[in-house]
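Trainee: First residue of the sequence shown: 0, per numbering that gives the first Met the number 0; consecutive thereafter.
Could you have a look at this structure, given as structure tokens, before my questions?
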Amino acid sequence: MLQPLAATAVRRKSHGGGTGRERNSHVIGSAGRWLIGGATIQSLGEALYDLLIPLLVLQITGSPVIMAAVFVVGYCMEIIVGIVGGVIVDRINRRTLLICIAALQAAVMLGCALLDIATGALPLWALFVTAAAIDFLVRLYLVADAAALPQVVGSAALPRANGLMQSMLSTTQVAGPLIGGLALEWIDLRGALLLTTVVYVALAIFVGRIPLDTTKVATNPTTIIESYKQAWRVVLDNSLLRRIVIWRGAFDFVIAGAFLMLLFLLQGPAEQSSSSVGVIVAIGAVGGIVGGLGFAQVQAAVPSWLVLASGAALMCGALASLAFARSSYILAAATFVLFGALSVVRRLLAQLFQSAVPNEMLGRVTAVSQLIASVVGPISVAIAAALSDSGRISILYIGSAIGVAALVAALAFGPLRGSDWGIRNQSVTQPNAA
């Protein structure tokens, strides 16, 4: 059996960081700021990619079916990362890995732009190859980034670091589409691809400044398989981790489709103009920023299970409001609450693994913990697409609200009630989670 999470978190050793500070420091430090800055640049590149790829699909094919197929390819890559990504993260120096990921992303986008220049129009196969490569690399970066954060930040500073990172990522949700839109307006789609390439080159340079452990671990197929098994044992042998992984899988299933169809809802049944949609989405991103800024205080003041339950309850109300609201003000308020609550829920779930799992296993455990969400994601998206296509998108949001309400009840009346992994004076507690 594993040691209790509290003991594991307190006894975990530092594996690098290059700062020499004590692990109980409340200061994020320069290494942490470099890592958060890199995550912000990565998120900006991802936002540009998320804007450009759908436009390329529509430009080349005009087919929503092909668009859906591209998204499915992305989910398949997430599943692959869930299986092998954690082993990669834990077996390779994380700074080197982050640099390689950024460089490969730049190479893929540059190749896409050059192929477009050479042929005059990208072939369809190039879109699928680009989607597969970028989605794999994006997901791998997220796993490596989550594993590296507690490596460079003291455990007492994790809440502040997580909150700051969430605020910066939410900021890029506004800045990314804005920059991409201006690029498309001032240059063209090909130029926007080159701009995305420049962002990823900047990322590679930026993450090269992060001081991380340079220890090399010998890797072979046998050790890879055994490492993967170890990660599953970490999750399955601890009741709190196991229950949280199941809860998060169900949570992602009930909200994934609703988030994907948000723009369709606003532009279609909600009958909002393009400018109104942009403002509403920007307000939602501001909600994410506010949630990130308040995360450290919230997780310290309120038991973790209650934070999850409260955040999910707010999301439930927001989803129900989106199903019926047609007023721009109500839609904006619901979107603000939805994104703000989600940012707190996401960061709290990440903090559990960051504070409880040893650094040398964090990549693997993070990856396998996200595997359920990657598997159920396409199912949720398929259901959402079918309901939206048949004109029953309100049912989608009502169903999502009901599903989230059921998860709130599971927290309030199930075995997770009382669980707490909030960081207060460098303590991580885990009542009734043997």
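Positions of the beta carbon are idealized from the N, C-alpha and C atoms, including for glycine.
It should be emphasised that the depicted structure is a prediction, and the values quoted were computed from it without experimental measurement.
Could you tell me if T118 is buried or exposed, where buried requires 16 or more neighbouring beta carbons within 10 angstroms of its beta carbon?
Mentor: exposed
Trainee: If we ignore side chains and look at the alpha-carbon of each, how far apart do G310 and T365 end up?
Mentor: 22 Å
Trainee: Does the distance from the C-beta atom of I245 to that of I378 stay below 9 Å?
Mentor: no
Trainee: Per DSSP, what kind of secondary structure is I422 in: helix, strand or coil?
Mentor: Here I422 sits in strand by DSSP.
Trainee: Span of the alpha helix (DSSP H) holding T195?
Mentor: L188 to V206
Trainee: So, helix, strand or coil for A366, using DSSP?
Mentor: Note: A366 maps to helix in three-state DSSP.
Trainee: I'd like the list of long-range same chain contacts for E77, defined as Cβ closer than 6 Å, with 5 residues on each side in sequence excluded.
Mentor: Annotation for E77: R138 and S373 place their beta carbon closer than 6 Å to its own, counting only its chain and skipping 5 residues before and after.
Trainee: Could you check which residue in W304, L321 and F335 has the C-alpha nearest to that of S418?
Mentor: W304
Trainee: Starting from the Cα of G207, find the closest Cα among A312, A105, Q104 and R94 and give me that residue.
Mentor: R94
Trainee: May I ask you to report which of helix, strand or coil DSSP gives D236?
Mentor: coil
Trainee: Can you give me the Cβ contacts of L188 inside the same chain, cut-off strictly under 6 Å, excluding the 5 residues immediately before and after it?
Mentor: none
Trainee: Just the C-alpha distance for V278 and Y140, rounded to the nearest angstrom, thanks.
Mentor: 29 Å
Trainee: Would you check if the distance between the CB atom of A155 and the CB atom of I209 is smaller than 9 Å?
Mentor: no
Trainee: Roughly how many whole angstroms lie between the Cα atoms of A201 and A102?
Mentor: Rounded to whole angstroms, A201 to A102 spans 9 Å at the Cα level.
Trainee: Cutting at 6 Å between CB atoms, please list the residues of its own chain near G290, excluding the five before and the five after it.
Mentor: G339, S342 and V343
Trainee: I need the boundaries of the alpha helix (DSSP H) containing L261, first residue and last residue.
Mentor: L261 to Q266
Trainee: I need the DSSP call for L51, collapsed to helix, strand or coil.
Mentor: helix
Trainee: Can you give the Cα-Cα distance for G402 and V198, rounded to whole angstroms?
Mentor: Their backbone Cα atoms lie some 38 Å apart in a straight line.
Trainee: Exposed or buried, G398, counting other C-beta atoms within 10 Å across all chains shown (16 or more means buried)?
Mentor: buried
Trainee: Does S326 pass the burial test, meaning 16 or more other C-beta atoms within 10 Å, or should it be called exposed?
Mentor: Of the other Cβ atoms in all chains shown, fewer than 16 fall within 10 Å of the Cβ of S326; this residue is therefore exposed.
Trainee: Out of V107, I91, G248 and A130, which has the shortest C-alpha to C-alpha gap to A68?
Mentor: The shortest C-alpha separation from A68 is found at A130.
Trainee: Between the beta-carbon of V151 and the beta-carbon of A30, is there less than 9 Å?
Mentor: yes
Trainee: Beta-carbon separation of D144 and A38 under 9 Å?
Mentor: yes
Trainee: Would you tell me roughly how many angstroms separate the C-alpha atoms of L114 and I65, rounded to the nearest one?
Mentor: 20 Å
Trainee: G283 by DSSP, collapsed to three states: which one?
Mentor: helix
Trainee: Could you check what DSSP says for G110 in three-state terms: helix, strand or coil?
Mentor: helix
Trainee: Comparing C-alpha positions only, which one of G85, L157, A174 and P149 sits nearest to E45?
Mentor: A174
Trainee: With respect to the alpha helix (DSSP H) encompassing A156, which residues constitute its N-terminal and C-terminal limits?
Mentor: No alpha helix (DSSP H) holds A156; DSSP gives it neither H nor E.
Trainee: Below 8 Å on the Cβ atoms is my guess for L157 versus I35; work out the distance and round it to an integer in Å.
Mentor: Wrong, their Cβ atoms sit about 12 Å apart, outside the cutoff.
Trainee: Can you tell me where the alpha helix (DSSP H) with L395 in it begins and where it stops?
Mentor: I392 to F412
Trainee: If I measure Cβ to Cβ from A105 and keep anything under 6 Å in the same chain, skipping five residues before and after, which residues do I get?
Mentor: T196, Y199 and V200
Trainee: Of the residues S368, G256, M108 and D251, which one's Cα is nearest the Cα of G190?
Mentor: Ranking S368, G256, M108 and D251 by CA distance to the CA of G190 puts M108 first.
Trainee: Could you compute how far the alpha carbon of L262 sits from the alpha carbon of W124?
Mentor: 27 Å
Trainee: Name the two residues that bound the continuous alpha helix (DSSP H) containing Q353.
Mentor: S327 to A355
Trainee: Out of L168, A324, L318 and L386, point me to the one whose CA is closest to E270's CA.
Mentor: When only C-alpha atoms are compared, the closest one is A324.
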